[in-house]
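Working notes for the structure below.
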Amino acid sequence: MSAVGLYVPGTGPLHRVPAGPKLLALLVTGVALVAAAHLWISVAALAAAVAVYPVAGLSLRHAFRVVRVLWPFLLGIAVFQTLMGEWTEAVRLCAQLGALVLLANAVTLTTRVSAMLDLFQRLARPLRHVGVDPDRVGLVLALTVRSIPMVGQAWRAAREGYLARGMSGRPHLLVVPVIVQLLRMAEATGEALVARGMDEGEREA
Numbered sequence: 031m032s033a034v035g036l037y038v039p040g041t042g043p044l045h046r047v048p049a050g051p052k053l054l055a056l057l058v059t060g061v062a063l064v065a066a067a068h069l070w071i072s073v074a075a076l077a078a079a080v081a082v083y084p085v086a087g088l089s090l091r092h093a094f095r096v097v098r099v100l101w102p103f104l105l106g107i108a109v110f111q112t113l114m115g116e117w118t119e120a121v122r123l124c125a126q127l128g129a130l131v132l133l134a135n136a137v138t139l140t141t142r143v144s145a146m147l148d149l150f151q152r153l154a155r156p157l158r159h160v161g162v163d164p165d166r167v168g169l170v171l172a173l174t175v176r177s178i179p180m181v182g183q184a185w186r187a188a189r190e191g192y193l194a195r196g197m198s199g200r201p202h203l204l205v206v207p208v209i210v211q212l213l214r215m216a217e218a219t220g221e222a223l224v225a226r227g228m229d230e231g232e233r234e235a
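To get our numbering, take the position in the sequence shown, counting from 1, and add 30.
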């Protein structure tokens, strides 16, 4: 079971907010952070994103697990930005990314996939006039959301195998196992969709 992006039942304030407003707030927050491009605003946003978890009735362990999955990518960004520019820019970018990932995870933890699917289908209904199937659009977007915890699960599985072999100091060796794990998950998802007749539309066409 993945530690990132799974729905956690609850009655907290964030659980009671519909999927639409939560996703809209996440989008507005992301645009505002990128537009502001300010170091201390980004750091404050990161602190606020962590504070969202207990306020929403979620354990801080959920936030820690997100950081544990994300830190290698943040480290790479920080090193690159420090070498190519200034350390303050590295801190700003890492704080922005960390805040947005933590907030996105809080949204998925407090929102059922079925609620997101229904929202995406409603938003895609006007596209029927140009030949787009709203159900398929909703399914694709829901699978995209579901892929977030899949990446975390693949990373953790590869890391466990890495440590079990007594390897250390060569984190780049995790890249190929992670890709292999993701391909296997994608293949399993495709087989499950075919088993449920999701490819019938293409066959008829």
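We put the beta carbon where it would ideally sit given N, CA and C, even for glycine.
Query, Result
"Do the region 148-167 and the region 95-113 touch if we need at least three Cβ pairs shorter than 8 Å?", "no"
"Can you tell me whether residue 83 is helix, strand or coil according to DSSP?", "helix"
"Going by the beta-carbon positions, is the gap between residue 149 and residue 50 smaller than 8 Å?", "yes"
"Three-state secondary structure (DSSP) at residue 214?", "helix"
"Helix or strand or just coil, what does DSSP make of residue 128?", "helix"
"Determine the extent of the alpha helix (DSSP H) in which residue 144 is found, giving its start and end residues.", "143-154"
"So is residue 96 buried or exposed if we call it buried at 16+ other beta carbons inside 10 Å?", "buried"
"Using a Cβ-Cβ distance under 8 Å, would residue 89 count as near chain C?", "The chain labelled as chain C is not found in the depicted structure, where only one protein chain is given."
"Tell me the rounded alpha-carbon separation between residue 89 and residue 68.", "29 Å"
"Using a Cβ-Cβ cutoff of less than 6 Å, which residues in the same chain neighbour residue 44 once the five nearest sequence positions on both sides are dropped?", "86 and 140"
"Using the three-state DSSP reduction, which class does residue 43 fall into: helix, strand or coil?", "coil"
"Ignore the nearest five residues each way along the sequence and tell me which others in residue 194's own chain have a CB closer than 6 Å to its CB.", "none"
"According to the Cβ coordinates, are residue 53 and residue 126 closer than 8 Å?", "no"
"Would you say residue 184 and residue 208 are within 8 Å of each other, going by their C-beta atoms?", "yes"
"Can you tell me which of the three DSSP states residue 92 falls into?", "helix"
"Can you tell me whether DSSP reads residue 190 as helix, strand or coil?", "helix"
"Hey, is residue 49 close to the ligand SAM, as in C-beta under 7 Å from one of its heavy atoms?", "Among the components of this structure there are no ligands whatsoever, and the ligand SAM is therefore not found."
"Can you check whether the CB of residue 132 is closer than 8 Å to the CB of residue 93?", "yes"
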